[in-house]
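This is the structure we're talking about:
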C-alpha cells in the first residue's frame, strides 16, 4: 500500500482585499512507512487576535510533537497505545496539547517583546495574551491498526472511498461565527477525540481529508461540500494524485473567491496500491513567522 500526502493553504479572497495574511497553518509528519501525522489549524484573524497566524502554526506543531512523543513511549505495544488514547484522548492528551500550546505561545510572546496586558489587579493577564493567538486545531494520527482524530473548534475531517464519504469525527456545531478555541482557559474541555480500528482488509483507494471551515463554508450545504470532496477523490483516481496536488492551490483560490471569501486549507492523505512518489516529501505550511516553534 502506498501513502501520498499533500496540502495547501490559500489566502481568502476577502483577506486579499483587506490585506490580512492567511491565518491557516498545516503540518504533516511521515513518522515511518506505516505511521503519519497530519494537522490543520485556523487562526481566528479578528482584531482581537492579531497573532493568530502564529497561534495556528504553533497548534499544528504541538499536535504533531505530542503525538510523536506518545508514539515513541508506546511503540512497543500499539494495542495498549490504542487503549490509552481511547480512555485518555479527551482528557490527558487534550490537556497536554492545551498546556503545550499555551506554553509556546507565552514563550513566543516574550521572545518578541510584545506588550503584556494587565488585569484589574495589576497582574499580567495571560488569558489576554493567549487570546491574541486564538486558533482551532484538527489532527489525525494514522497507524496500520488504528486512527486517532482530535478536534477543537470548527473544520472537517472526512473519510472518502469509492462507496462512501463520512466524517471521521463530528465536531460541535456552534451557531454564527463563534468556535471553540485553544486560546480559552481550560480549552481542553472542548476537545473531541475519536479512535477507530483500521481493517487490514480495507479496500483501497481511500482518502482522509482535513480542511479548515473556509472550505465547507464556501458551499450552500453540507451535501454540496461533500460532492466537492467526492470530486477531489474522483479526480485523483482519474488523473493521478500529482495532478490534483499541482492544481490544488488554484482550485482553492477559486473556491474562496466564489464562496465565503475566507482562508482555506486542505490537507489530503491518499492510500492506494500504486507506488508513485508524492510530489513533495514535506508539505508543511510555509511562510511562517520567526516566533513560530516546531
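In our numbering, the protein residues as written are 443 to 736. C-beta atoms are modelled at their ideal positions from N, C-alpha and C, and glycine is treated no differently. What you are looking at is a predicted structure, and each value in this text was computed from that prediction instead of being measured.
Cβ-Cβ separation between residue 624 and residue 580: approximately 12 Å, too far for a contact (criterion under 8 Å).
Counting only residues of its own chain and dropping the five nearest sequence neighbours on each side, residue 670 has a CB closer than 7 Å to the CB of 661.
Here DSSP, grouped into helix, strand and coil, assigns residue 556 to coil.
Contact check for residue 471 against residue 500 fails: the beta carbons are separated by 8 Å or more. The C-beta of residue 486 has 16 or more other C-beta atoms within 10 Å across all chains shown, which makes the residue buried. In the three-state reduction of the DSSP assignment, residue 624 falls in the coil class, being assigned neither a helical nor a strand state.
Going by C-alpha positions, residue 514 is about 19 Å away from residue 537. Look at residue 462 here: in three-state DSSP terms it is coil, with no helix or strand label. Within the same chain, and ignoring the five residues on either side of residue 594 in sequence, the residues whose Cβ sits closer than 7 Å to its Cβ are 578, 579, 622, 624, 629, 632 and 633.
Per DSSP, the unbroken alpha helix (DSSP H) holding residue 501 starts and ends at 494-515. Sequence-distant partners of residue 639 (beyond 5 residues in either direction) whose C-beta falls short of 8 Å from its own C-beta, in its chain, are 524, 587 and 588. The stretch 697-704 makes contact with the stretch 654-668: 3 or more CB pairs, one atom from each, lie closer than 8 Å. Counting other Cβ atoms within 10 Å of its Cβ, residue 560 stays below 16 and is therefore classed as exposed. Contiguous beta strand (DSSP E) elements confined to the stretch 564-596 occur at 579-584 and 588-594, taking only those with 3 or more residues. Secondary structure of residue 470 (DSSP, three-state): strand. Around the beta carbon of residue 535, 16 or more other beta carbons sit within 10 angstroms, so the residue counts as buried. Take residue 462, set aside five residues on each side of it, and the residues of its chain with a beta-carbon closer than 7 Å to its own are 487, in chain order. In terms of Cα proximity to residue 672, the closest of 600, 705 and 458 is 600. In the DSSP secondary-structure assignment, residue 446 is bridged to 712. Residue 636 is classed as buried because its beta carbon has at least 16 other beta carbons within 10 Å across all chains shown. The Cβ atoms of residue 655 and residue 585 lie no closer than 8 Å to each other.
In the three-state scheme derived from DSSP, where H, G and I count as helix and E and B as strand, residue 485 is classed as strand. Listed as beta-bridge partners of residue 598 by DSSP are 653.
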